[in-house]
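Heads up, the thing below is written out as structure tokens.
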Amino acid sequence: MERTTYYDPKDLKKFGNISDWDAELGKAFFAYYGKVFEEGALTAREKSLIALAVAHTIQCPYCIDAYTEDTLAKGCDEEQMMEAIHVAAAIRGGSSLVHGTQMMNKFKELAM
Amino acid sequence: MKTTKSLHAQHHKLADNDYQLKVLETHEVATADFEKFEDKLKQIHLFPFKPVKTEIFQVNVGYMCNQTCSHCHVDAGPDRKEIMTRETMQLCLEALATTDITTVDLTGGAPEMNPDFRWFVEEISKLGRKTMVRCNLTIIMANKKYHDLPEFFAQHKVEVISSLPFYNKSRTDAQRGDGVFEDSIAALKKLNAVGYGREGSGLILNLVYNPSGAFLPGSQIILENQFKKELKRLYDIEFNSLFCITNMPISRFLDYLIESGNYESYMQKLIEAFNPVAAENVMCRNTISIGWDGNIYDCDFNQMLGLKVNGGAPNHIKDWDLDKLNSRDIVLNQHCYGCTAGSGSSCGGSVA
């Protein structure tokens, strides 16, 4: 079958299949993953919003689909979801800008 | 407030029960092969699907409503004229009196719009049975003649169950119509004012959450805690429990699913989330549903698909026979996946 895109939404449902080629590590990963998202010092809802923000930082289409639905199911609204993404964007943008200090340091080192 | 017409008034093809069943059972709008619900039950040895002791006598007193919600499985609205008569209510009371069923669940439409609603509640009280009413909240604010409903409910210790899709305006109005959120908050304040939802009052106010879109509800307890915290913080509103209900792929929600291109993926979500524990506890096993015209169904959803009880059980209230009803096979179709997905769904929320 000819592929027309690198990402296929249907592949998200095959995530569990990674265990097919290494059952031990796959099982360990999904056990860990499930544990991470349980209610803890942070609520499952807060964790889901963090995951949504991180999904945008790493620009993973699977994660964006999954955590848009998960945050909706956990009772988040569009305002809260967009604020979470702005947090990701602010850190990402800030991360670029703060490296400007390195550029300034190097500039001062090299320039007359 | 949103004033869209019902599918019925639009002469929409989904207003036809046979067409809805065709959509659910065939490839009319989907290419995928969905496993038959009864085959799922066979795999867990629950087929044929039998009732347990009947505890809830649910009566749909009419499809008329002051709202036209976009997810409504009844296709209720101001243009629906199907209303239960006092004669049929009398038959319900006579049937109820022959049983030890403890609870009557009144639903609609907006049940309060039936002109005999208050008489019916009073007569149920005289039989010593508990009444629950599925109140859409805005009816309390809709007209002066409904403003005293909180006092009337309190007088008869009616348990009030009310839909509030979210504790903000955008999510609520998107599903239930413009202006519904403000009126709902005003109505909740009036219910709280007579003691509903307040600790120690004995007056029960439960809210219903159902997703505003093509996704399944999250954990009931987590959402309940969040609703309680936010409604108290923002509006000083209190309530007892939050029931999470999954949207059924029938009627107006089915229309939404098809129109938005979500039908196939939503059905797949329901099927993938099939939970055997939820299947054991679904409401049709302990509930009998009576339609506005006296016909008898396994549940309110089957009622809206025109699927009357079968297996030789009487299917009209005038022929009421609880023993025969208790030995019936429950009528199933693909929409039943809506009640068995995830933590399950019933008129009382999650079941697993």
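Here the protein sequences line up with chains A and B, keeping their order. The opening residue of the first sequence carries number 24 in my numbering; numbering runs sequentially from there. The opening residue of the second sequence carries number -18 in my numbering; numbering runs sequentially from there. Positions of the beta carbon are idealized from the N, C-alpha and C atoms, including for glycine. These numbers were taken from a predicted model, which means no experiment stands behind them.
List the residues of chain B whose Cβ lies closer than 8 Å to the Cβ of residue i, in chain order.
i: alanine 96 of chain A; result: Pro192, Phe196, Leu197, Pro198 and Gly199
Taking the beta carbon of residue i as the centre, do at least 16 other beta carbons fall within 10 Å, making it buried, or is it exposed?
i: threonine -16 of chain B; result: Residue placement at threonine -16 of chain B is poorly supported in this model, since its pLDDT is 47, which falls under 50; the coordinates still yield a value, given next. That one is exposed.
i: aspartate 281 of chain B; result: buried
i: leucine 48 of chain A; result: exposed
i: leucine 223 of chain B; result: buried
i: leucine 120 of chain A; result: exposed
i: glutamate 102 of chain A; result: exposed
i: proline 29 of chain B; result: exposed
i: arginine 152 of chain B; result: buried
i: glycine 330 of chain B; result: buried
i: asparagine 40 of chain A; result: exposed
i: histidine 128 of chain B; result: exposed
i: proline 198 of chain B; result: buried
i: leucine 35 of chain A; result: exposed
i: tyrosine 0 of chain B; result: exposed
i: valine 161 of chain B; result: buried
Tell whether a beta-carbon distance below 8 Å holds between residue i and residue j.
i: glutamate 219 of chain B; j: glycine 176 of chain B; result: no
i: aspartate 81 of chain B; j: isoleucine 37 of chain B; result: no
i: glutamate 85 of chain A; j: alanine 74 of chain A; result: For clarity, residue 85 of chain A is tyrosine in the given sequence; the question names glutamate instead. Going by C-beta atoms, tyrosine 85 of chain A is not nearer than 8 Å to alanine 74 of chain A.
i: isoleucine 185 of chain B; j: glutamate 132 of chain B; result: no
i: alanine 107 of chain A; j: leucine 133 of chain A; result: no
i: valine 42 of chain B; j: glycine 89 of chain B; result: yes
i: glutamate 93 of chain B; j: leucine 145 of chain B; result: no
i: isoleucine 231 of chain B; j: methionine 285 of chain B; result: yes
i: alanine 54 of chain A; j: glutamate 61 of chain A; result: no
i: proline 192 of chain B; j: asparagine 228 of chain B; result: yes
i: aspartate 310 of chain B; j: lysine 31 of chain B; result: yes
i: glutamine 39 of chain B; j: isoleucine 269 of chain B; result: yes
i: arginine 102 of chain B; j: serine 143 of chain B; result: A small fix is needed here, since residue 102 of chain B is valine in this sequence, not arginine. No.
i: valine 263 of chain B; j: valine 332 of chain B; result: yes
i: serine 165 of chain B; j: leucine 212 of chain B; result: no
i: glutamine 156 of chain B; j: cysteine 320 of chain B; result: no
i: glycine 63 of chain A; j: glutamine 207 of chain B; result: no
i: alanine 57 of chain B; j: serine -13 of chain B; result: yes
i: histidine 52 of chain B; j: tyrosine 278 of chain B; result: no
i: alanine 322 of chain B; j: asparagine 256 of chain B; result: yes
i: alanine 113 of chain A; j: valine 77 of chain A; result: no
i: leucine 235 of chain B; j: leucine 2 of chain B; result: no
i: threonine 136 of chain A; j: methionine 105 of chain A; result: Limits of chain A in this structure are 24 at one end and 135 at the other, which puts residue 136 of chain A out of reach.
i: threonine 84 of chain B; j: methionine 122 of chain B; result: no
i: isoleucine 120 of chain B; j: alanine 91 of chain B; result: yes
So residue i contacts chain A; which residues on that side make the cut at Cβ distance below 8 Å?
i: leucine 204 of chain B; result: Lys97 and Gly98
Going by Cα to Cα distance, which pick from the options is closest to residue i?
i: threonine 253 of chain B; options: B:Ser151, B:Phe196 and B:Lys31; result: It should be noted that the sequence gives glutamate, not threonine, for residue 253 of chain B. Cα-wise, what sits closest to glutamate 253 of chain B is B:Phe196.
i: alanine -10 of chain B; options: B:Glu6, B:Lys23 and B:Met45; result: B:Met45
i: valine 55 of chain B; options: B:Glu19, B:Lys3 and B:Asp(-3); result: B:Asp(-3)
i: glycine 325 of chain B; options: B:Asn283, B:Val258, B:Gly275 and B:Glu75; result: B:Val258
i: glutamine 315 of chain B; options: B:His(-7), B:Asn283 and B:His26; result: B:Asn283
i: asparagine 307 of chain B; options: B:Tyr216, B:Val33 and B:Pro96; result: B:Val33
i: leucine 72 of chain B; options: B:Ala322, B:Asp304, B:Lys299 and B:Gly323; result: B:Lys299
i: glycine 97 of chain B; options: B:Glu68, B:Ala322 and B:Glu261; result: It is worth fixing the name first, because residue 97 of chain B is aspartate in this sequence and not glycine. When only C-alpha atoms are compared, the closest one is B:Glu68.
i: tyrosine 247 of chain B; options: B:Tyr0, B:Val10 and B:Asp(-1); result: B:Val10
i: valine 312 of chain B; options: B:Tyr0, B:Ala13 and B:Leu27; result: B:Leu27
Would you mind reading off the limits of the beta strand (DSSP E) that contains residue i?
i: threonine 124 of chain A; result: No beta strand (DSSP E) contains threonine 124 of chain A, which is instead part of the alpha helix (DSSP H) from 123 to 133.
i: lysine 111 of chain B; result: 111 to 115
i: cysteine 73 of chain B; result: Taken as a continuous stretch (DSSP letters only), cysteine 73 of chain B belongs to no beta strand (DSSP E), being part of the alpha helix (DSSP H) at 67 to 78.
i: threonine 268 of chain B; result: 268 to 271
i: serine 143 of chain B; result: 140 to 144
i: glutamine 39 of chain B; result: 37 to 41
i: phenylalanine 234 of chain B; result: It is not in any beta strand (DSSP E) - phenylalanine 234 of chain B instead sits in the alpha helix (DSSP H) that spans 232 to 240.
i: leucine 188 of chain B; result: 186 to 190
i: threonine 153 of chain B; result: Here threonine 153 of chain B belongs to no beta strand (DSSP E); instead the alpha helix (DSSP H) covers 150 to 157.
i: phenylalanine 224 of chain B; result: 223 to 225
i: threonine 88 of chain B; result: 84 to 88
Please list, in chain order, the chain A residues whose beta carbon lies closer than 7 Å to that of residue i.
i: asparagine 149 of chain B; result: Asp100
i: arginine 152 of chain B; result: Asp100
Within the continuous alpha helix (DSSP H) that includes residue i, where are the two ends?
i: isoleucine 87 of chain A; result: 84 to 96
i: threonine 321 of chain B; result: 318 to 321
i: leucine 72 of chain A; result: 67 to 80
i: asparagine -2 of chain B; result: -2 to 6
i: phenylalanine 53 of chain A; result: 46 to 59
i: valine 102 of chain B; result: 98 to 107
i: proline 257 of chain B; result: 257 to 261
i: alanine 167 of chain B; result: 161 to 174
So which residues on chain B does residue i lean against when the C-beta distance must stay under 7 Å?
i: glutamate 92 of chain A; result: Phe196
Name, please, each residue of chain B whose Cβ falls closer than 9 Å to the Cβ of residue i.
i: alanine 67 of chain A; result: Gly199, Ser200 and Ile203
List the residues of chain A whose Cβ lies closer than 9 Å to the Cβ of residue i, in chain order.
i: glutamine 48 of chain B; result: Ordered by position in chain A, no residue passes the 9 Å Cβ test against glutamine 48 of chain B, which lies about 21 Å from the chain.
i: glutamine 207 of chain B; result: Thr66, Arg68, Lys97 and Gly98
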